[in-house]
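Reviewing the structure listed below.
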Amino acid sequence: MNALVTETPPLSIAGIRRRLRAPVVGRQLYLCGRVESTNATLSRLARSGAPEGTVVLAESQTAGRGRLGQPWFSPPGVNLYASVLFRGPLALKEAPLFSFIGGLALADAVREAGASPGIKWPNDVLVEGRKVAGALIECGARGDEVEYLVLGVGANLNVDLDALAAALGPAAAFASSLRAATGREVDRDAFAASYLNALDAWASCYRGKGPSAVLEAWGERDILTGRQVEIRGAGYRFIGRVAGVDPRGRLVVQDALGERRTVSTEEIYPCD
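Below, the structure is given as structure tokens:
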């Protein structure tokens, strides 16, 4: 364990269940001490037939990953690392947009904890311009249909900024924690339950009202539309202005020549 990390009270299944109102998400809860990643653990359970709504939480991860395979700093006893299982019917091409429910639910939980969140495409949650949480999906498919979808999140709740700086180096300038933002320790059981309740509600919204309702709500929290950004892909980069997202959840950027280009796997860096 990093000496700079001061642990808070351990997560508790009972403490989370006391606050859980979700009818589907959290029907089965697994709490692990140390895992490779909650996504990897839940993917194995999914392939073994675990039902929709199964949740895996962990106190720490040895190989947590964010978007584009970037490592996610996962020290023990201070943050939230959680993955939730969803099953079809869902077309594989819909999965990226379905994942927007993760960013929305995280933003709801961050707001309930006392901070003012925004979402940076696709599902990074920022407070005061610094990232405090993010979501990542992994799918198992059969043809063009999703067999199972694992939605994993990492949220910096009580980790010290000094620990982030030691682990992330210069990148720590763009990261923070909820404790740093609010000035008080975050109850991890309460935050976990808040997130799971919100996730269940957004999944129900997607299925009941369609993806447009989720996209509209996501757009209200979006911090990139209208801003100039630098797009970095494999062997190329360009600067443009964000025009929003398309119906499949891809970022739409207008380049210097006025051409609209869709972005799905590239890195995004705001210029202002």
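With the numbering used here as the guide, the letters of the sequence shown map in order to residues 10 to 281. Beta carbons: idealized from backbone N, C-alpha and C, even for Gly.
Could you tell me if residue i is buried or exposed, where buried requires 16 or more neighbouring beta carbons within 10 angstroms of its beta carbon?
| i | result |
| --- | --- |
| Q79 | exposed |
| K2 | There is simply no residue 2 to check, as the chain begins at 10 and stops at 281 in what is shown. |
| S108 | buried |
| V272 | buried |
| A201 | buried |
| E147 | buried |
| S21 | exposed |
| E229 | exposed |
| G35 | buried |
| Y204 | buried |
| Y90 | buried |
| G178 | exposed |
Could you compute how far the alpha carbon of residue i sits from the alpha carbon of residue j?
| i | j | result |
| --- | --- | --- |
| D281 | I232 | 12 Å |
| D255 | T274 | 14 Å |
| R197 | G267 | 46 Å |
| A67 | P85 | 9 Å |
| N165 | G58 | 31 Å |
| L110 | A252 | The sequence given here has Ile at residue 110, not Leu. Distance between the alpha carbons of I110 and A252 is about 21 Å. |
| M10 | S69 | Unreliable positioning characterises M10 in this predicted model, as indicated by a pLDDT of 41, which lies under 50. The coordinate reading is nonetheless provided below. Going by the C-alpha atoms only, they are around 10 Å apart. |
| R74 | K140 | 15 Å |
| F82 | A142 | 11 Å |
| D153 | S221 | 21 Å |
| A72 | R151 | 27 Å |
| C41 | Y157 | 21 Å |
| P32 | C214 | 13 Å |
| T227 | G149 | The residue you asked about is not Thr; residue 227 is Trp in the sequence shown. So the alpha carbons of these two residues sit roughly 25 Å apart. |
| A199 | Q263 | 41 Å |
| P45 | L101 | Before going further, note that residue 45 is Glu rather than Pro in the sequence given. Computed Cα separation, rounded: 26 Å. |
| T17 | E194 | 9 Å |
Can you give the beta carbon distance from residue i to residue j, rounded, assuming they're within the 8 Å contact cut?
| i | j | result |
| --- | --- | --- |
| I248 | A265 | 7 Å |
| P60 | G258 | Actually they are not in contact, since the Cβ atoms of P60 and G258 sit about 26 Å apart, beyond 8 Å. |
| V162 | V87 | So it is not a contact: roughly 15 Å between Cβ atoms. |
| L160 | S186 | At roughly 22 Å, the Cβ-Cβ gap does not stay under 8 Å, so L160 and S186 are not in contact. |
| V119 | V134 | 6 Å |
| R246 | G235 | Not quite, the Cβ-Cβ distance comes to about 20 Å (not below 8 Å), so this is no contact. |
| T63 | L54 | 6 Å |
Beta carbon of residue i: closer than 8 Å to some heavy atom of the ligand MG?
| i | result |
| --- | --- |
| G35 | The model on display carries no ligand, and the ligand MG is accordingly not part of it. |
Within the continuous alpha helix (DSSP H) that includes residue i, where are the two ends?
| i | result |
| --- | --- |
| P126 | Per DSSP, P126 belongs to no alpha helix (DSSP H); it is in the beta strand (DSSP E), 126-129. |
| T191 | 187-191 |
| D171 | 170-177 |
| P220 | 220-230 |
| S83 | That residue, S83, is in no alpha helix (DSSP H); it is neither H nor E in DSSP. |
| V119 | 109-121 |
| S52 | 47-56 |
| A23 | 22-26 |
Quick check on the DSSP output: the beta strand (DSSP E) that includes residue i runs from which residue to which?
| i | result |
| --- | --- |
| C148 | 139-151 |
| S92 | 89-96 |
| G253 | 245-254 |
| R269 | 269-272 |
Mind the definition here: the region 112-120 touches the region 204-211 only if three or more C-beta pairs lie below 8 Å; say whether that holds.
yes
Inter-stretch contact at 8 Å, needing at least 3 Cβ pairs: the region 87-99 / the region 24-31:
no
Three or more C-beta pairs under 8 Å: does that hold for the region 118-126 against the region 180-191?
yes
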